[in-house]
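In our numbering, the protein residues as written are 103 to 211.
Here it is in structure tokens:
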């Protein structure tokens, strides 16, 4: 998928945490630093999820905002974050998305 690198980029991460202590001790603090290093911000990070329709089997949902999709991709591919991703892979069942800040029906075609 092609992204507009001039619009804000958002990372949506949903996690089913399987090793809470390691996730909290090793992953979260260092990941926050890498987000800040790429001018990102945590907009939402919550375990308080009220499913109003459909199925949801994750315990944590996080929404990050970056100045652009390009900045979000640079953060995700950063060498420092790659080490942290390995910790996340070992402590969670997860899904990640990078999306832009706007939607047009033309985007579906």
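The beta-carbon is built from N, C-alpha and C at its ideal position, and this holds for glycine as well.
In DSSP terms, what residue i is bridged to
{"i": "residue 164", "result": "115, 147"}
Residue range of the unbroken beta strand (DSSP E) whose run includes residue i
{"i": "residue 197", "result": "194 to 202"}
Alpha-carbon spacing of residue i relative to residue j, whole angstroms
{"i": "residue 113", "j": "residue 123", "result": "23 Å"}
{"i": "residue 208", "j": "residue 111", "result": "19 Å"}
{"i": "residue 187", "j": "residue 153", "result": "27 Å"}
{"i": "residue 147", "j": "residue 167", "result": "12 Å"}
{"i": "residue 128", "j": "residue 157", "result": "29 Å"}
Extent of the continuous alpha helix (DSSP H) to which residue i belongs
{"i": "residue 139", "result": "130 to 139"}
Which listed residue (the options) has its alpha carbon closest to that of residue i
{"i": "residue 133", "options": "173, 195, 178, 118", "result": "178"}
Please determine if the stretch 199 to 206 and the stretch 138 to 157 are in contact, where contact requires at least 3 C-beta pairs separated by less than 8 Å. no
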